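Here is the structure we will look at, set down as structure tokens.
Number of protein chains: 2
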Amino acid sequence: MRADYATRPRGAIERLLESDRRYLSATQIHTRLDVEQARVSLATVYRTLERLHTKGTVSARVDERGETTYMLCEPEHHHHHAICRICGRVEDVPCRALDEFASALQQRYGFELDGHAMEFSGVCNTCR
Amino acid sequence: MRADYATRPRGAIERLLESDRRYLSATQIHTRLDVEQARVSLATVYRTLERLHTKGTVSARVDERGETTYMLCEPEHHHHHAICRICGRVEDVPCRALDEFASALQQRYGFELDGHAMEFSGVCNTCR
DNA sequence: CTTATTGCAAACTCTTTGCATTGGA
DNA sequence: TCCAATGCAAAGAGTTTGCAATAAG
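Chains as they are written, first to last, in the numbering used here: chain X, 1 to 128; chain H, 1001 to 1128.
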């Protein structure tokens, strides 16, 4: 297993992700670090996000426009996301009920399910 | 309302979409038309897909890699897709149960839902 | 001192756009 | 004839990569 240096760029990126738990694009992260005077190259942002995603501490989502966005997210329990269209805040949604629904489909369509993705969008109760 | 000419490129693209109902990328479509000797520029493929998508006869989906893919799809009844990981065949899945589930969440999280996306992946009964 | 990590710039991929030309109706 | 649609090539946006310089352990 390879080493894992604690560098300034990594610290800055992880701190930012911790402070704002919504899906952010590499460019957004890069810009915000720039504002905070934490010079980090865009390439490093991409490399760090990829690493965190592989480690499993970051969830990646491709938005409607095809841009990949990232958010810190503990994957312990399988869950889905409700994303506020206004503020981008993300609500975790457990999926017990959904899993049952999925099994029913499996029976019905002879489809051997090995995955499902689901996402809700709307307006959260803060933005309402 | 603007006209809508029946041109050779459009015919070729629509015919291809009708003959293969799975999600295809613009490049895949372009390549296959090329093989069939139906010279159509990639730009036209994009423009035609966009037009069909706007008209509502084509469903667009951004895959994990961020590439947009298209498939002919009647949107009459709201439904979801089960996509075979092996052959790419798409099964329509009605979503009555799901809508109920969604409403429940709305109550629970104070989230005013205005949309949800869901997709199943696995292996269809032909590929099994 | 060793080697993982960074920054930079170039390369790549997918998609969009401007403009002159073609071709439906 | 008129204007929508096409093809081409150039431009954009997002992402990846090679390589020399830097810095962590």
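Cβ atoms here follow ideal geometry from the backbone N, Cα and C, with glycine treated the same way.
Values in this document were obtained by computation on a predicted structure and should not be read as measured data.
The Cβ-Cβ distance between X:T126 and X:C84 falls below 9 Å. When H:C1124, H:L1113 and H:I1013 are compared, the shortest CA-CA separation from H:H1053 is found for H:I1013.
When secondary structure is reduced to three states using DSSP, H:A1012 falls in the helix class. For X:H30, the three-state secondary structure derived from DSSP is helix.
Rounded to the nearest whole angstrom, the C-alpha separation of X:Q37 and X:Y46 is 18 Å. If the five residues before and after H:H1079 are omitted, its C-beta is found closer than 8 Å to the C-beta atoms of D1092, V1093, P1094 and C1095, all from its own chain and listed in chain order. Take the alpha-carbon of H:T1027 and the one of H:L1042: they are about 7 Å apart.
DSSP, read as helix, strand or coil, puts X:T126 in coil.
Proximity of H:G1122 to chain X, defined by a Cβ-Cβ separation below 9 Å, is satisfied.
In this structure X:I86 is exposed. Its beta-carbon is surrounded by fewer than 16 other beta-carbon atoms within 10 angstroms.
Residues of chain H whose Cβ lies closer than 8 Å to the Cβ of X:T68 are, in chain order, G1066. For H:V1058, the enclosing beta strand (DSSP E) begins and ends at V1058 to V1062.
Among the residues of chain H, those whose CB is under 9 Å from the CB of X:A117 are A1117, M1118, E1119, F1120 and S1121, following chain order. Shown here, X:A104 sits in a helix according to DSSP, grouped into three states. In the structure shown, X:T7 falls within a coil segment according to DSSP collapsed to helix, strand and coil.
Between X:T68 and X:A60 the beta-carbon gap is near 6 Å, inside 8 Å, which marks them as a contact. In the structure shown, X:Y23 adopts coil according to DSSP, grouped into three states.
Burial is judged here by how many other beta carbons sit within 10 angstroms of a residue's own beta carbon; X:A82 has at least 16 and is buried. For X:V90, the enclosing beta strand (DSSP E) covers residues V90 to P94.
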